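Report on the structure given below.
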Amino acid sequence: MKRSQTLFVILSVILISIITSCGGQKQNEEAVATVNGAPVLLKEFQKDLAIYANRNPDFKLDTQSVEDHLDMFIDKQLMIQEATKMGLAKDDRFLETIKRFWEQTLIRELIDAKSSEWRDKLFVTEDEIQSHYQEIKSGAIPKPPLKDVHDEIKTSLLEQKKQKAMEEWLKEARKGASIKIDARGLQRIFSNE
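Heads up, the sequence shown is in this note's numbering, so the first residue is 9 and it goes up one at a time.
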């Protein structure tokens, strides 16, 4: 009975905090639970709950759903603690996976940032759309009227411009970077050394 009362109090605090979204340093440090002495911070749990709710449109925020999510979160923390205790976090395969994920995420963030930067600078004119349509139309296969493919052509041309802008940016980045390639080291890929 005591566990359910404690859980109810914790869940009430979480629900009130989520609903009112009141900020502040103290809220960031509040723990809604501990797992083997490691705190589950309110802010961390709220973020995880929000991500879960966004990914699951049928999710309804109520006491039971928050309690269920807290149980899943605790289970996840227990598994992470056990994996860490077993030394799996230091495994080369694991570290390589994390490195690749980090690199891919970082590149995706760069592309998003550059796309936002170019959004105000790159555009497609009606003349470009018309010219592209005429190139397509000159083929042997009959093509639909321009009005039916206008938006597709515009999107395609804009993506081509973004791709070209990225290639130009990379070319400039290479010019400004110090890049050294060890040709002999590279040749070892093809030898049995």
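Heads up, the beta-carbon is just placed ideally off N, CA and C, and yes, glycines get one too. Predicted model only: the values in this text are computed from it and were never measured.
For residue i, write down the residues that DSSP places opposite it in a beta bridge.
i	result
Ala41	Val48
Quick check: is any heavy atom of the ligand SAH less than 8 Å from the C-beta of residue i?
i	result
Arg108	The ligand SAH is absent from the structure shown, which contains no ligands of any kind.
Does the beta-carbon distance from residue i to residue j come in below 9 Å?
i	j	result
His77	Leu57	yes
Val132	Phe81	no
Leu166	Leu130	yes
Ile161	Ile144	yes
Ser40	Leu86	The sequence as given places Val at residue 40; Ser does not occur at that position. No; because the gap between Cβ atoms is not below 9 Å, this pair is not in contact.
Ala46	Gln89	yes
Ala61	Leu50	no
Could you compute how far the alpha carbon of residue i sits from the alpha carbon of residue j?
i	j	result
Ile189	Ala173	25 Å
Glu52	Thr105	24 Å
Lys98	Pro65	36 Å
Lys169	Glu111	24 Å
Ser139	Arg127	22 Å
Glu38	Arg101	35 Å
Lys151	Gly193	52 Å
DSSP three-state call for residue i: helix, strand or coil?
i	result
Met94	coil
Val132	coil
Gln189	Before going further, note that residue 189 is Ile rather than Gln in the sequence given. Coil at Ile189, not helix or strand.
Arg196	coil
Ala173	helix
Asn64	coil
Asp156	helix
Gly147	coil
So residue i and residue j are supposed to be a Cβ contact under 8 Å. How far apart are they, rounded?
i	j	result
Ile137	His158	6 Å
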